[in-house]
Amino acid sequence: QKEVEQDPGPLSVPEGAIVSLNCTYSNSAFQYFMWYRQYSRKGPELLMYTYSSGNKEDGRFTAQVDKSSKYISLFIRDSQPSDSATYLCAMSAYNQGGKLIFGQGTELSVKP
Amino acid sequence: EADIYQTPRYLVIGTGKKITLECSQTMGHDKMYWYQQDPGMELHLIHYSYGVNSTEKGDLSSESTVSRIRTEHFPLTLESARPSHTSQYLCASQPPGRQGNTIYFGEGSWLTVV
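So the sequence lines, in the order shown, correspond to chains D and X.
If you want this note's numbering, it's the position in the first sequence, counting the first as 1, plus 140.
If you want this note's numbering, it's the position in the second sequence, counting the first as 1, plus 26.
So this is what it looks like as structure tokens:
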């Protein structure tokens, strides 16, 4: 069983929609949770970072962590065609440094 | 953020050839990482380094090797490339202190072994 599960999609939404991307995990030691965006043939770009449980908002993006359910989410409001990319969740335990465990990634397409 | 430079971006090479993928950063970060990503699959850690002359293998077994002679360089070498090595290789570094365990990636090197 994978430590991190992420629905690979693809997910297709109309422009302006609210997008919800989710990951579940099994390791209760994970404390740092990240979302990366990856365009085709590019390296992942850090979008959001959250420590432990709670919400974090940055512009149109909101990251949520529910450690009791081992569930994290990324919400994108007013989605734009430029948001079309693959979104990767990643997480690590406190003493693991940059040794992250990644989900498979969800491919998102926002149609004009 | 960190400026991570990877070369070459794309490489097609024959079986049995030796290749080195270059990775450099100018931010003076001690911690650097190599991840491997097959198409449509998760990124997996294959090597990491916490400073000069320090290298460790990651969770995913890899036939590649790395070296860290200088802080700014973290090259990855395959002594004898095979088609099973065809993949994307991503180098990353970690700024000290802030933002927990976040890492920043380069653009990646796409390797095809024929």
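Just so it is clear, CB atoms sit at the ideal spot from N, CA and C, and this is done for glycine as well.
Closest to residue i by CA distance: which of the options is it?
i, options, result
"Thr-41/X", "Arg-108/X, Tyr-130/X, Pro-122/X", "Arg-108/X"
"Ser-209/D", "Phe-201/D, Gly-194/D, Arg-200/D, Asp-218/D", "Gly-194/D"
"Leu-137/X", "Val-38/X, Asp-64/X, Leu-116/X", "Val-38/X"
"Gly-183/D", "Gln-120/X, Gln-32/X, Thr-128/X", "Gln-32/X"
"Ala-233/D", "Phe-173/D, Gly-245/D, Ser-180/D", "Phe-173/D"
"Glu-98/X", "Thr-46/X, Met-58/X, Ile-45/X, Lys-44/X", "Met-58/X"
"Glu-48/X", "Tyr-115/X, Gly-77/X, Leu-71/X", "Tyr-115/X"
"Leu-228/D", "Gly-245/D, Tyr-165/D, Asp-147/D", "Gly-245/D"
Is it right to say residue i is buried, meaning 16 or more other beta carbons lie within 10 angstroms of its own, or is it exposed?
i, result
"Asp-29/X", "exposed"
"Asn-79/X", "exposed"
"Ser-119/X", "buried"
"Arg-181/D", "exposed"
I'd like to know whether the C-beta atoms of residue i and residue j end up nearer to each other than 9 Å.
i, j, result
"Gly-237/D", "Tyr-74/X", "yes"
"Leu-240/D", "Leu-69/X", "yes"
"Tyr-176/D", "Glu-185/D", "yes"
"Ser-222/D", "Ser-152/D", "no"
"Glu-82/X", "Glu-105/X", "no"
"Thr-52/X", "Pro-101/X", "no"
Give every residue of the same chain whose Cβ lies closer than 7 Å to the Cβ of residue i, excluding the five residues on either side of it in the sequence, and list them in chain order.
i, result
"Gly-156/D", "Asp-218, Ser-219"
"Thr-91/X", "Thr-103"
"Lys-43/X", "Ala-107"
"Ser-113/X", "Gln-62, Gln-63, Asp-64, Leu-137"
"Gln-171/D", "Tyr-191, Ser-192, Ala-233, Tyr-234"
Is there a Cβ from chain D that is less than 9 Å from the Cβ of residue i?
i, result
"Asp-29/X", "no"
"Met-67/X", "yes"
What residues in its chain sit with their C-beta under 8 Å from that of residue i, if we drop five residues either side in the sequence?
i, result
"Arg-22/X", "Residue coverage of chain X in this structure runs from 27 to 140, which leaves residue 22/X outside it and unanswerable."
"Val-140/X", "Val-38, Ile-39, Gly-40, Thr-41, Pro-109"
CB-CB under 6 Å to residue i, same chain, minus the five flanking residues each way: which ones, in chain order?
i, result
"Phe-215/D", "Ser-160, Thr-202"
"Glu-247/D", "Gly-149, Pro-150, Thr-226"
"Pro-154/D", "Lys-251"
Under 9 Å, Cβ to Cβ, is there at least one residue of chain X near residue i?
i, result
"Gly-238/D", "yes"
"Leu-151/D", "no"
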